[in-house]
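S.K.:
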Amino acid sequence: IDRNEFQTAKVSYPIEGNHKYSICCVPDHGPRFGVGLDLVCHDNGNWASNSYTYSKIDIPPMFTVNDYEVYRVNRSEYYY
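Position one of the sequence shown corresponds to residue 2 (this note's numbering), numbered consecutively onward.
1. Which term fits Gly35, buried or exposed, when burial requires 16 or more other beta carbons within 10 angstroms of its beta carbon?
2. Compare the beta carbon distance of Ser50 and Pro62 with 7 Å and say whether it is the shorter of the two.
3. Tell me, please, which residues DSSP counts as bridged to Val41.
4. Quick test of your reading: Ser56 and Ser13, contact by CB under 8 Å. State the CB separation rounded to the nearest angstrom.
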């Protein structure tokens, strides 16, 4: 498993009971994932990682991201 290789990178889901803390957005900082700031973008563009809400998936404690995308998921009243 290599975190730098898309095909073998690990994916993590929230730890049982922590689903409501999965994602939020702070206007001064950007997206945050997890209640304990599991994955957070700081003002300077550096990211920090802890494992409170999500299982540990081999992310370094501090790292820099060149680019990221955030998507919004809307709840639909229609089911297919």
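Glycine included, each C-beta is placed from N, C-alpha and C at the ideal position.
M.R.: By the coordinates alone:
1. Position 34 of the sequence shown, counted from the start, is the residue given in the question as residue 35. Only buried fits Gly35, as 16 or more other CB atoms lie within 10 angstroms of its CB.
2. For this step, residue 50 is matched to residue 49 along the sequence shown. For this step, residue 62 is matched to residue 61 along the sequence shown. Less than 7 Å separates the beta-carbon of Ser50 from that of Pro62.
3. Counted from its first residue, the sequence shown places residue 41 at position 40. Partner(s): Arg33 and Ala49.
4. Here residue 56 refers to the residue found at position 55 when the sequence shown is read from its first residue. Here residue 13 refers to the residue found at position 12 when the sequence shown is read from its first residue. Contact flag correct, Cβ pair sits at about 5 Å.
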